[in-house]
Ligand SMILES: C[S@@+](CC[C@H](N)C(=O)[O-])C[C@H]1O[C@@H](n2cnc3c(N)ncnc32)[C@H](O)[C@@H]1O
């Protein structure tokens, strides 16, 4: 299981170099994109209990607080927890973020209406246990928003190397250690390159009543993109199982909204 490392880790430093100085207003656009996927299934207001797992710079808990929403965060990196509080202070906001590893932090039972995990479960070594905790921590009717890696995507957001996600785990780990140093295995490595089928099976087994994948969500959306020519094609693809399977197999990431 991943440990919490107190010292500086190179992947966190690299992450902060890429994300420092991004104005909160810019992140609000991303925040709305996530909310657009959640709110058709769960109204979000000041009484909604939200949890984010793996907060990065803390933008989601910070924006929630700014909007008068209740959102708690759990984050494994002390460096990032500290950064998130500093990021919030720049805007006069104190977010609610706890240091912890989702693998062994108690997040309770039937406690949250919404749980968000974006670009984090690929880093959670025991991901099935983590997803089980999420399911237990949701209230009936609660919504889980999930975004992560897609093994067969043609380009990887994790690491710039041709067909990176397709490589066997041991090869990926070796490649990352050789390029980025041993401490990538302490935090930053993607233990998991998921597939849609694998995740859908895991969510179904957990007991979610409804599971929407990336294409379903796109087709349900009312954005301009879903009404464009490409959008019309994707609506057709979504109704033809072999085509849908192919589209999801190579999509740039896995995305799900699961309702308990
Ligand atoms: C790629 S960042 C994504 C940050 C944010 N969710 C976003 O989408 O901008 C992954 C985050 O998850 C955190 N993380 C990784 N493994 C974790 C674990 N087992 N428990 C809690 N947080 C974890 C990392 O430290 C980092 O902040």
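Numbering (this note's numbering), first residue to last: 759 to 1018.
For each residue, glycine too, the CB sits at the ideal point set by N, CA and C.
Quick caveat, the model's predicted, so the values are computed rather than measured.
The continuous beta strand (DSSP E) containing residue 904 extends over residues 896-906. For residue 970, the enclosing beta strand (DSSP E) starts and ends at 968-971. By the neighbour-count criterion, in which 16 or more other beta carbons inside 10 Å mark a residue as buried, residue 809 falls on the buried side. In the three-state reduction of the DSSP assignment, residue 837 falls in the helix class, which pools H, G and I.
Collapsing the DSSP output to three states places residue 939 in coil. Of 1014, 774, 789, the smallest CA-CA separation from residue 907 is found for 1014. Beta-bridge partners of residue 870 (DSSP): 896.
Burial of residue 814 is indicated by the presence of at least 16 other C-beta atoms within 10 angstroms of its C-beta.
Rounded to whole angstroms, the gap between the alpha carbons of residue 884 and residue 792 is 25 Å. Between the C-alpha atoms of residue 825 and residue 1000 there is a straight-line separation of about 42 Å. For residue 851, the CB contacts under 7 Å within the same chain, skipping 5 residues up- and downstream, are 820, 823, 824 in chain order. In terms of CA proximity to residue 879, 833 leads the group 988, 867, 897, 833. When only Cα atoms are considered, residue 900 and residue 1007 end up about 27 Å apart. Straight-line spacing of the CA atoms in residue 935 and residue 876 works out to 24 Å. Between residue 903 and residue 874, the C-beta spacing is below 7 Å. Using a cutoff of 6 Å, the CB of residue 835 counts as near ligand 1, since one of the ligand's heavy atoms is closer than that. Boundaries of the alpha helix (DSSP H) around residue 962: 954-964.
The C-beta separation of residue 768 from residue 939 comes to about 6 Å, placing the pair in contact by the 8 Å criterion. Taking 6 Å as the cut-off, the C-beta of residue 771 does not count as close to any heavy atom of ligand 1. Just so you know, the alpha carbons of residue 890 and residue 762 end up roughly 21 Å apart. One alpha carbon belongs to residue 914, the other to residue 773, and they sit about 16 Å apart. The continuous beta strand (DSSP E) containing residue 854 extends over residues 854-857.
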